[in-house]
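A quick write-up on the structure given underneath.
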Amino acid sequence: MLSTIPVILLALFSTVTGRPNLQRRGLPGAFYGCDGTMFQGNCGWIPPEEAATCIENGPLDKGLKSIGPDPDGTCTLYDDAVCAGKEVRKLTFPGLAGGVPKFGSIKCSANQQARAAAIEDLTTKTLNPVADPRLAGGVGSTERLNHLEELKQMEKDGFSEGLIGFKKGTYY
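If you use mature numbering (1 follows the signal peptide of the UniProt record, and there is no 0), the sequence shown corresponds to residues -18 to -1, 1 to 154, in order.
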């Protein structure tokens, strides 16, 4: 039987590295908000198109208490309800899980670098106007379109051999 002390020592002195093929999720300019601190309570993800418009915050006791802009995006909190007053604070990823200052409205946008990357991806939109190449996998993704015939055949025979992905970590 192994003693737990060597295992603990090994864990303490080991380095942890992330897998190099991990991909960030989210869309620049979008945000996740909750009416409770620590991203709890009633929560919702606001897509970039909606987040780019001015969104009025609820009453102080019912408004957003945790806000998380998606990577490569910035959200600006304003003191009034129409995003025209004084800027209270600018938030970037990962945002605030608590301690959100009092504000009247919020408006988000993608950072310039993220916008440039999105413009490069527009060639995919000519293949499928609803495809979003910034997300790995998914119904409208380029990756799914590359395997569309194979997937149709698998759906036709009822997945008789099971469904094993063509690429690990990608959803079709």
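Just so it is clear, CB atoms sit at the ideal spot from N, CA and C, and this is done for glycine as well. Note that this is a predicted model, so its numbers are computed, not measured.
Buried versus exposed call for ALA12 [16 or more other C-beta atoms within 10 Å across all chains shown]: Buried is the call here.
message: For PRO30, would you say it is in contact with chain C, using Cβ-to-Cβ distances shorter than 7 Å as the test?
response: Considering every chain present, this structure includes no chain C. It has just one protein chain.
Spatial distance of GLY80 from THR74 (CA atoms): Cα to Cα, GLY80 sits roughly 14 Å from THR74.
field: Nearest-angstrom Cα separation, counted from GLU132 out to LYS138
entry: Approximately 10 Å, taken between the alpha carbons.
query: Just how far apart, CA to CA, sit ALA34 and SER91?
result: Taken atom to atom, the span from the alpha-carbon of ALA34 to that of SER91 is near 6 Å.
task: Look up LYS72 in the DSSP assignment and say whether it is helix, strand or coil.
output: DSSP places LYS72 in the strand class (E or B) of the three-state scheme.
query: For ASN24, which option in CYS65, LYS47, PRO83, GLY77 has the closest C-alpha, if you only look at C-alpha atoms?
result: Taking only the C-alpha atoms, the option nearest ASN24 is LYS47.
- prompt: Expressed to the nearest angstrom, what Euclidean distance is found between the alpha-carbon atoms of PRO29 and CYS57?
  reply: Cα to Cα, PRO29 sits roughly 12 Å from CYS57.
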